[in-house]
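Asker: If you use the numbering used here, the sequence shown corresponds to residues 142 to 507, in order.
Glycine included, every Cβ here is placed at the ideal spot set by N, Cα and C.
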Amino acid sequence: MGCPGRSTFRLIPRSGNRRLPSKLQNAPSVPVSRQRLARAFSTNQPSPPGRRPNFVLSSGASGTTIHRLTDVQKSLPVAERPRRPEWMKVRAPSADSRYFDVQKLIHGQNLHTICEEARCPNIAECWGRGTATFQILGETCTRACRYCYVHSGKPEHPPDPLEPLRLAHTAAQMGLKHVVVTSVDRDDLPDKGAGHYAATIRALKAKVPRASIEILTPDFLGYEEEALEVVLAERPDVFNHNIETVRRLHRKMRGAKVDYDKALWLLARAKEVAGYPVMTKSGIIVGLGETNDEVVETMRDLRAHGVDVVTIGQYLQPSAKHAKIDRWVHPDEFRWFRGTRPNPVAAQSRTRRKEGRLGGRPSFVS
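1) Quick one: using the 10 Å Cβ neighbour count with 16 as the cut-off for buried, is E413 buried or exposed?
2) Report yes if the C-beta distance between F361 and A397 is below 8 Å; otherwise report no.
3) What does a CB cutoff of less than 6 Å around I255 pick up in its chain, not counting 5 residues either side in sequence?
4) Does DSSP put C289 in a helix, in a strand, or in coil?
5) Can you find at least 3 beta carbon pairs, one from the stretch 282-296 and one from the stretch 224-237, that sit closer than 8 Å?
6) To the nearest angstrom, how far is the alpha carbon of R192 from that of W477?
7) Grouping DSSP H, G and I as helix and E and B as strand, with all else coil, what is H391?
8) Anyone know if the C-beta pair for M449 and T432 falls short of 8 Å?
9) Could you tell me the alpha carbon to alpha carbon distance between P302 and L405, rounded to whole angstroms?
10) If I follow the unbroken alpha helix (DSSP H) through E365, where does it start and stop?
11) Let's see if you can read the secondary structure: which residues bound the alpha helix (DSSP H) around M420?
12) According to the neighbour-count rule (16 or more other Cβ atoms, all chains shown, within 10 Å of its Cβ), is F475 buried or exposed?
13) From which residue to which residue does the alpha helix (DSSP H) around N381 run?
14) May I ask you to report which of helix, strand or coil DSSP gives C267?
Structure follows, in structure tokens:
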């Protein structure tokens, strides 16, 4: 029985492919204070690049807390609704942050943000800094990805022709130096929403000419080539299309309409269509049932198709109806991913948690 105020953990040493001796398998749990555990996971001595970390936290059977340290090469099952580990917790907005000013401004202009629509837990951090990721083309998506909280169904209204102007006006009032625009999928539209993206980019360049513009687009299913020409004719600085997950899980998580190789093609084709040095970007979610080797393979696929920037982040289950979390990925594993990236394209790496379909995920940018 553990001491009062302490959580009980079992240290499971790395043993490769060998089974642990029965004496160790049946060893009693060792009480470890949260303070000692935090020190054990201190980032002052990160794992060397290219090497697997020796451990990762996973939840135990009760689902009420983090229970044990396990080898990262082993499966990491979690309970139905596990509590978030310490590194995934965020603070509520403070009274002196810009959160409430941003909220009032966005709602006053009748705009949507992925921050709210996807229930991003980083909303306090980002809005508190005066930033947001805008969502255009309405609030109803024609897809139903198993990990995404954005409302799905049949959109009731056509795109609002004044939305690009209101968005640009809001970006100017917020003083944004980098504007990120994403959208729902609109398979109901003939151009899949490409024209609305183009109008938004034009409005932003007219209102905030010094700001860089990043667009996080859907796949424009059935209109890909034409959509790329329409959107890239307006010369956004960053073209982002998230591949989301590894090849094995792609159709299971995203549905029969989407295709892993088509996503890679779209990213590669964007550079060819652009006619200028556009930066391409994509994102991967971890915690859906993939392995670390599959994540690295996806990174290699993206790099082989000329993608410049890759973000990797933790999946957060938005509701009981969505795909369950398979594991909590420890920050050491994110450092390991960063250390194994093929052909890095920047001298330094930095962390961003500003945008993303799911939010809440500790991401890195290579």
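Answerer: A quick look at the data gives this:
1) Within the sequence shown, the letter at position 272 stands for residue 413. Exposed: under 16 other Cβ atoms inside 10 Å.
2) For this step, residue 361 is matched to residue 220 along the sequence shown. For this step, residue 397 is matched to residue 256 along the sequence shown. No. Outside cutoff.
3) One-based indexing of the sequence shown puts residue 255 at position 114. Counting only Cβ-Cβ distances below 6 Å, and skipping sequence neighbours, we find T274, Q276 and T323.
4) Position 148 of the sequence shown, counted from the start, is the residue given in the question as residue 289. Three-state DSSP puts C289 in coil, outside helix and strand.
5) no
6) Position 51 of the sequence shown, counted from the first residue, corresponds to residue 192. Position 336 of the sequence shown, counted from the first residue, corresponds to residue 477. Residue confidence is low: R192 scores 46 on pLDDT, short of 50, so the model does not pin down where it sits. No coordinate-derived value is stated.
7) Within the sequence shown, numbered from 1, the residue matching residue 391 stands at position 250. In this structure, H391 counts as helix in the three-state DSSP scheme.
8) Within the sequence shown, the letter at position 308 stands for residue 449. Within the sequence shown, the letter at position 291 stands for residue 432. First, the residue type needs correcting, since residue 449 is Asp and not Met in the sequence shown. No, these two residues do not count as a Cβ contact at 8 Å.
9) In the sequence shown, counting from the first residue as 1, residue 302 sits at position 161. In the sequence shown, counting from the first residue as 1, residue 405 sits at position 264. About 31 Å.
10) In the sequence shown, the residue the question calls residue 365 occupies position 224. Where E365 is concerned, the enclosing alpha helix (DSSP H) stretches over E365 to L373.
11) Indexing the sequence shown from 1 puts residue 420 at position 279. M420 -> not in any alpha helix (DSSP H); beta strand (DSSP E) instead, spanning M420 to V427.
12) As a first step, residue 475 is located in the sequence shown; it is residue number 334 there, counting from the start. F475 should be labelled buried.
13) Here residue 381 refers to the residue found at position 240 when the sequence shown is read from its first residue. Segment V379 to N381 is the beta strand (DSSP E) holding N381; no alpha helix (DSSP H) there.
14) To locate residue 267, count along the sequence shown from 1; it is residue 126. Helix, per DSSP.
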